[in-house]
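Chains as they are written, first to last, in the numbering used here: chain A, 64 to 399; chain B, 64 to 399.
Following: one structure in structure tokens, then a few remarks.
Protein chains: 2
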Amino acid sequence: MVISLAQISDVAKLAGVSPATVSRVINGSAKVSEEKAKRVLEAIKATGFKPNEIARSLYKKSSRIIGYIVPSILNIFLNEIGRAIEEEAFQHGYKMILCNSDENPKKEAAYIQMLTAMNADGIIITANNENLDEEIRNCPLPIVVLDKEASGRYTAVVQSDNYAGGRLATEYLLKCGCKHPVLMRPPQKYSSGRQRFLGYMDVCKEHGIEPLFIDSPFNSNDGLRCSQELLERFPYVDGILAVNDMMVLSLYKVLLMQRRRVPDDIMIVGYDGIELGGLMTPELTTILQPIEEIGRLSAKIIIDQVADKTPDRQEYILPVKLKVRQTTRPPAESNG
Amino acid sequence: MVISLAQISDVAKLAGVSPATVSRVINGSAKVSEEKAKRVLEAIKATGFKPNEIARSLYKKSSRIIGYIVPSILNIFLNEIGRAIEEEAFQHGYKMILCNSDENPKKEAAYIQMLTAMNADGIIITANNENLDEEIRNCPLPIVVLDKEASGRYTAVVQSDNYAGGRLATEYLLKCGCKHPVLMRPPQKYSSGRQRFLGYMDVCKEHGIEPLFIDSPFNSNDGLRCSQELLERFPYVDGILAVNDMMVLSLYKVLLMQRRRVPDDIMIVGYDGIELGGLMTPELTTILQPIEEIGRLSAKIIIDQVADKTPDRQEYILPVKLKVRQTTRPPAESNG
DNA sequence: CTGAAAGCGCTTACAG
DNA sequence: CTGAAAGCGCTTACAG
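And the structure:
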């Protein structure tokens, strides 16, 4: 069943004017006599006319759409950023569409092409593969890269201060009295991962503490295995810097099986600050990335770009914060 | 910085043929001499030409895009369905774009219009408000409605058997020896919620058990308050049918505070079967909705619709399953 | 097999 | 202020 929609010509006929006049009324792009405008408005209502955006953007080169490409639609952190992008976009009359690349370079390329082809006004992407360079280079749209090593052409990079995040978490665990904090080291192919590692290493060095870490993916599919390995390799661990908040669910499971109490035996600091962290039991102490700001800023950069405002700079490093909850215990003297 | 893209006319010029011929090569829509085809292919490569989908779909009326509109981008269950939609779509050369309506009717309407305007081939929606009727009626696209009471016009409704789900969960709790199973009753404005409630009520009646329930939202923002209220009103509760899996995180928190053990003191059955349930500690016994199938079927219905195949029927009720994990304990005699 | 032409549904110079 | 015309970048009858 296909409902045929009214077209601008139908409206024009009904109102007794030309399509051009109808267009001008809709867009407010030129003066139209009050009387004709009124007739047009009535005709629009009567016909239920909605301008065809395809035709419109074929001419206008802008569809007021921002594309957000993520490697996984199941990544809560990225979805929380998406929500912020969406809000900012909508406030400015833009729409956000989310595309799931499923960590598949072919899909990623396909969505970049689709967004280009549909005259989107920009792309926000957490690209995580290098093969993408060519697609991005061939894409004429403004591109904001999130959170990852930016390679090749882009309009701006928006990420949080991962070095500071790594430091902050480590320093806090030491302050809480941990002697053997172990880092679940994020993938080192990402600059974010390298920065966090660096932050951890530097703090260890400054405190004369031996750095301990195991490599961990962001994805929690392997979380159980990874958590188990951590405890096997470092049975004396008394503090853990989780690769991200989600991973802590697996950590809890393994710790409980081994009857290690949190925070009594082992303290934990997560990373990201997704809402889920507050729902866990015990509630998760974590590094808060400025999720809302990352999303809004990224959207804003693209919207400004449309108005030919180039961003102040190409790299935005947003500050992180420590959120203390229940998986850490501050030292007793801090009460004084 | 705007990169100007090659157009079909550039390719034609370079290959020494007409744009029509280039189009025919790209689309395989008519025979082209081998020699010219070869020249065209070379010219395409040389220019890096990508057909403008906007222009293309203005004529073709199909953009090979399926829109998936959800009330919240943070709903894991809906995102898992989205992943399945995406996979099915991609296999057939379609793309899925996810639109977040944020439970805002205006956004919902805006996205429906956008998808219509961009000649999407169909919409999959978990509409949850009644005001939407008009938008949907005015939308000429195939629409598949998920999981909710379908109102007005639509191509098909795909949902799982909520009545059976309600029954299954209740029966299992009784089988495990619960005397006072309490239902976190899902919002009754949804047919899915009403069906589950009915399933629960019927089983209670059949077993001569007093039905106990409190109203609960799907959203876990209010989870803590809701869980607390449940325990206050029914302190003797020994089994809980959670409104969904996510809500169980809040439940755990409250139960732990009150020193009630799971499953020793209180057993829990979740609802949905999201992956997160398996990461919880204890791992969650739950009703598995056929997430993968819901997504794939919905996508398939739309894709078939494009080829003018009307679906076999308008209502698909998919079967649910019980997944036993650690929040329930089967009766001892079941070993024999 | 192939090109010139018309058309998809809008928008905007161009004249008046 | 307003309409006829051209154009956005493709695709597909229509002739040949």
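We put the beta carbon where it would ideally sit given N, CA and C, even for glycine.
Since this is a predicted model, take the numbers as computed values, not measurements.
Quiz item: Along the chain, where does the beta strand (DSSP E) that runs through S135 of chain B open and close?
Solution: Where S135 of chain B is concerned, there is no enclosing beta strand (DSSP E), given that its DSSP letter is neither H nor E.
Quiz prompt | Distance between beta carbons of R259 of chain B and G302 of chain B, contact taken as under 8 Å | solution = With a Cβ gap of about 15 Å, G302 of chain B and R259 of chain B do not count as contacting.
Quiz prompt | Local conformation of M330 of chain B per DSSP, three classes | solution = Strand, per DSSP.
Quiz item: Taking 8 Å as the CB-CB cut-off, is F153 of chain A touching chain B?
Solution: So yes, F153 of chain A belongs to the interface.
Quiz item: Any idea what DSSP makes of L381 of chain B, helix, strand or coil?
Solution: In the three-state DSSP reduction, L381 of chain B falls in the strand class (E or B).
Exercise. Compare the C-beta of T344 of chain A against all C-beta atoms of chain B and say whether one is closer than 8 Å.
Key: Judged by the 8 Å Cβ criterion, T344 of chain A is in contact with chain B.
Practice problem: Leaving aside the five residues before and after E378 of chain B along the sequence, list all residues of the same chain whose C-beta is less than 6 Å from its C-beta, in chain order. | Solution: The beta carbon of E378 of chain B lies closer than 6 Å to those of V220 in the same chain, with the five residues before and after it left out.
Quiz prompt | At least three beta-carbon pairs within less than 8 Å, the region 269-279 of chain A to the region 236-247 of chain A | solution = As far as the Cβ criterion goes, the region 269-279 of chain A touches the region 236-247 of chain A, which means the pair count is three or higher.
Exercise. Return helix, strand or coil for L161 of chain B, following the three-state DSSP convention.
Key: In the three-state reduction of the DSSP assignment, L161 of chain B falls in the strand class.
Practice problem: Could you list which residues in chain A have their beta carbon closer than 8 Å to that of N163 of chain B, in chain order? | Solution: Contacts between N163 of chain B and chain A, judged by CB atoms closer than 8 Å, involve G145, R146, E149, M159 and L161 in chain order.
Quiz item: Just the Cα atoms here: how many angstroms apart are G130 of chain A and G145 of chain A?
Solution: The straight-line gap from Cα to Cα measures roughly 10 Å.
Practice problem: For R288 of chain A, count neighbouring Cβ atoms within 10 angstroms of its own Cβ and tell me buried if that reaches 16, exposed if not. | Solution: It is exposed - the Cβ of R288 of chain A has fewer than 16 other Cβ atoms within 10 Å.
Practice problem: Could you have a look at D278 of chain A and say whether DSSP puts it in helix, strand or coil? | Solution: Three-state result, D278 of chain A: strand.
Quiz item: Ends of the alpha helix (DSSP H) at I350 of chain B?
Solution: First-last for I350 of chain B: T349 to L351, but that is the beta strand (DSSP E), not the alpha helix (DSSP H).
Quiz prompt | Cβ contact (3+ pairs, closer than 8 Å) linking the region 97-107 of chain A and the region 123-141 of chain A | solution = Not touching, per the Cβ criterion.
Quiz item: Would you say G399 of chain B reaches chain A, if we count a Cβ-Cβ gap shorter than 8 Å as a contact?
Solution: Any reading at G399 of chain B must be qualified, since the residue scores a pLDDT of 38, below 50, and its modelled position is unreliable; the value itself is stated next. By this cut-off, G399 of chain B is not an interface position.
Practice problem: Report back the beta-carbon spacing between I350 of chain A and G336 of chain A to the nearest angstrom; my notes put them in contact at under 8 Å. | Solution: The C-beta distance from I350 of chain A to G336 of chain A rounds to 7 Å, short enough to fall under 8 Å.
Quiz item: Of all the CB atoms in chain B, is at least one closer than 8 Å to the CB of A118 of chain A?
Solution: It does: the Cβ of A118 of chain A has a partner Cβ on chain B nearer than 8 Å.
Self-check item: Length-filtered (3 minimum) beta strand (DSSP E) runs lying within the region 229-285 of chain A
Solution: Counting only runs of 3 or more, we get 244-248 and 275-278.
Quiz item: V208 of chain A to N167 of chain A, Cα distance in whole Å?
Solution: Distance between the alpha carbons of V208 of chain A and N167 of chain A is about 17 Å.
Quiz item: Mind pulling the chain A residues with CB within less than 8 Å of N142 of chain B?
Solution: Listed along chain A are I136, L137 and N142, each with a C-beta nearer than 8 Å to that of N142 of chain B.
Exercise. Go through the region 104-132 of chain B residue by residue and report every complete run of the alpha helix (DSSP H) that reaches 4 residues or more, in order.
Key: Restricted to the region 104-132 of chain B, the alpha helix (DSSP H) segments that are unbroken, complete and at least 4 residues in length are 116-123, listed in chain order.
Self-check item: Option in A:D210, A:V80 and A:I188 with minimal Cα separation from Q352 of chain A
Solution: Checked all of A:D210, A:V80 and A:I188; the closest Cα to Q352 of chain A is A:D210.
Practice problem: Check the DSSP bridge columns for D335 of chain A and list the partner residues they point to. | Solution: DSSP lists A:L351 as partners of D335 of chain A.
Practice problem: Starting from the C-beta of I354 of chain A, find all residues in its chain whose C-beta is less than 6 Å away, skip the five residues before and the five after it, and write them out in chain order. | Solution: Excluding its 5 nearest sequence neighbours in each direction, I354 of chain A has C-beta neighbours in its own chain below 6 Å: E143 and I144, listed in chain order.
Quiz prompt | Sub-8 Å separation of G341 of chain B and V311 of chain B beta-carbons | solution = Their beta carbons are not under 8 Å apart, which means G341 of chain B does not touch V311 of chain B by this criterion.
Quiz item: Hey, how far is the Cα of A227 of chain A from the Cα of L304 of chain A?
Solution: Spanning the two alpha carbons is a distance of roughly 14 Å.
Quiz item: Given a limit of 7 Å on CB to CB distance, which residues of the region 215-242 of chain A reach chain B?
Solution: The residues in question: there are none.
Quiz item: How should K238 of chain B be labelled, buried or exposed, when 16 other C-beta atoms within 10 angstroms of its C-beta is the threshold for buried?
Solution: So K238 of chain B counts as exposed.
Quiz item: Looking at C-alpha atoms only, which residue of A:E346, A:A395 and A:A362 is the closest neighbour of Q389 of chain A?
Solution: A:E346 is the residue among A:E346, A:A395 and A:A362 whose C-alpha sits nearest the C-alpha of Q389 of chain A.
Practice problem: Taking only beta carbons into account, state which residues of the region 161-189 of chain A come closer than 8 Å to chain B, listed in chain order. | Solution: Residues L161, C162, N163, D165, K170, A173, Y174, Q176, M177, T179, A180, M181 and N182.
Self-check item: Contact check, A93 of chain B vs V85 of chain B, beta carbons under 8 Å
Solution: No, the Cβ-Cβ distance between A93 of chain B and V85 of chain B is not below 8 Å.
Quiz prompt | Within chain B, the residues that Y334 of chain A reaches when beta carbons sit closer than 9 Å | solution = Within chain B, no residue comes near Y334 of chain A; the closest Cβ sits about 17 Å away, beyond 9 Å.
Quiz item: Are the region 289-300 of chain A and the region 257-272 of chain A in contact at 8 Å, needing three or more beta carbon pairs?
Solution: Proximity of the region 289-300 of chain A to the region 257-272 of chain A falls short of the contact definition, fewer than three beta-carbon pairs being nearer than 8 Å.
Quiz item: How about Y299 of chain A: is its C-beta nearer than 8 Å to some C-beta of chain B?
Solution: Closer than 8 Å: no.
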